[in-house]
Amino acid sequence: MNQVPALVRVFAYLSLLTVGGGMAAFPAMKVQTVDVHRWLTFPQLIHMYSVGQMAPGPNMMMIVTIGSWAGGVLGAAAVVLAFFGPTAILAFIVARLWKKLERWPWRTSIQQGLAPVSIGLLLAGCFTMARGAIFGVETAAIAVGVLLVLLQYKINPALLVMGGALIGVLTLSPK
Amino acid sequence: MSDAAAGADLQSAASTAPAVAEVSIGQIFLEFLIIGATSFGGVVPYLRGSLVTKRHWIDDKEFVEMLSISQSLPGLNATNMAVLVGEKLRGALGSIAAIIAICLPGGLLMYFIGNFYRIHGDHLWITAALKGVAAAAVGLILSTVVGLSKKSLANKFDFFFMALTVVAVNRLHQSVPRTLIVVGVLAILFHRPRKEQNESAAL
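Chains A and B are the protein sequences, given in the same order. Each residue of the first sequence is one higher than the one before, counting from 1 in this note's numbering. Each residue of the second sequence is one higher than the one before, counting from 176 in this note's numbering.
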């Protein structure tokens, strides 16, 4: 069955939810890709999202994985276009209009108002993900450890995520 | 709006910026391809290092302004920045070259990793490693939340709007767009332009 139209619909919709970052769309992505369309399982979604944090470039390239599983190479390409196209066009239009908007008093209001909402969406996405990623002492300790290290030191987060993999192998693998 | 008018706007804006030699589409593509292939752990510092420090295509003030536009629009910072910088350098074609180039390396990588995972993902060691990776990613997102909160939450009402957003999505199971529109509009109205700000802005 051809999944490409559904992939385009879902990822174009998710695209517009990524206010403040890709994680803002995570709760909706879980519902659409896992519950509604069953392109992958919740653990698989969490795994690919997390692995995607180690890849270079925009941190949501894991959408390619979902696209390719559901629709092959064509699905992967369709997902990228659908996910990045709408926001790219919007950014392009705003880039052209921005100088004119500089004096518009609501511009600051929108920026100030969207800041707490976008941080809230980020946190909500984080909680959705934590429900599938944090179980037991080891995983909680890894998450808290990474948080504390990042708050304290300037260190490349990709290295810490790799460190998480190592600790995972050492502590979580079957005895 | 015609392209000519936009071009004139940009030129008058660029007159205060340092003079930049014409940048070719190929150069834009190559530079963003390098950023896309090397930016492990977050794109923003790599963008700044490359575009501001190394190439001098934009100055620091423009970079910060473009970043703040990127953050208040839907879309990822990385791709929005690519569109904005590409537009500034070479218009629509510049934007298209930049966004394709920055996505290409990570996209190809995730295509191959995804297929590998589909075949070998249930291997015990890989499952164990991925559990650790996912837990670490949760910590990483939390640190982003803390960092952003310190930078952009000004008062206790902002924390209220943030908490309201979390409760609406996680507890009340409201959809993200509905939450975004309702809480977003409330927060924007709360931060509406005041009289005295208008006057000081007009001066």
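A virtual CB, placed ideally from N, CA and C, is assigned to each residue, including glycine. The model shown is predicted, which means the values in this text are computed figures rather than measured ones.
Along chain A, which residues have their Cβ under 7 Å away from the Cβ of residue 284/B?
-> Within chain A, 55 have C-beta atoms less than 7 Å from the C-beta of residue 284/B, given in sequence order.
Exposure of residue 166/A, with buried meaning 16 or more beta-carbon neighbours within 10 Å = The residue in question, residue 166/A, is exposed, as its Cβ has fewer than 16 Cβ neighbours within 10 Å.
Opposing strand residues paired with residue 249/B [DSSP bridges] = According to DSSP, residue 249/B bridges with 19/A.
Could you list which residues in chain D have their beta carbon closer than 9 Å to that of residue 235/B, in chain order?
-> Annotation note: the requested chain D is absent from the structure, which comprises protein chains A and B.
Buried/exposed call for residue 232/B, threshold 16 Cβ in 10 Å | That one is buried.
Using a cut-off of 9 Å between C-beta atoms, extract the partners of residue 39/A located in chain B.
-> The contacting residues do not exist; residue 39/A stays about 11 Å from chain B at best.
Please state if the CB of residue 92/A and the CB of residue 270/B are separated by a distance shorter than 7 Å.
-> With contacts defined by Cβ atoms closer than 7 Å, residue 270/B and residue 92/A form a contacting pair.
May I ask which residues mark the beginning and end of the alpha helix (DSSP H) holding residue 356/B?
-> First-last of the alpha helix (DSSP H) with residue 356/B: 351–365.
Using 10 angstroms around the beta-carbon of residue 297/B, count the other beta-carbons present and answer buried if the total reaches 16, otherwise exposed.
-> The residue is exposed, with fewer than 16 neighbouring Cβ atoms inside 10 Å.
Give the range of the alpha helix (DSSP H) segment to which residue 40/A is assigned.
-> Element bounds for residue 40/A: n/a, residue is neither H nor E.
Using a Cβ-Cβ cut-off of 7 Å, state whether residue 225/B counts as contacting chain A.
-> In terms of beta-carbon proximity, residue 225/B stays away from the interface with chain A, with every pair separated by 7 Å or more.
Please classify residue 263/B: is it buried, with 16 or more other beta-carbons within 10 angstroms of its beta-carbon, or exposed?
-> Buried, by the Cβ-count rule.
Would you say residue 206/B reaches chain A, if we count a Cβ-Cβ gap shorter than 7 Å as a contact?
-> At a cut-off of 7 Å between C-beta atoms, residue 206/B does not count as an interface residue with respect to chain A.
If we cut at 7 Å on Cβ distances, does residue 315/B have a partner in chain A?
-> Yes, residue 315/B lies at the interface with chain A (some Cβ there is under 7 Å from its Cβ).
DSSP three-state call for residue 347/B: helix, strand or coil?
-> Under the three-state reduction of DSSP, residue 347/B is assigned to coil, being neither helix nor strand.
Run down chain A in chain order and give the residues with a C-beta less than 9 Å from the C-beta of residue 328/B.
-> Under the 9 Å cutoff, chain A gives 115, 116 and 119.
Under the three-state DSSP convention, the category residue 232/B falls into = Residue 232/B: coil per DSSP, three-state reduction.
Which bits of chain B does residue 76/A rub up against, with CB to CB less than 7 Å?
-> Here the neighbours are 286.
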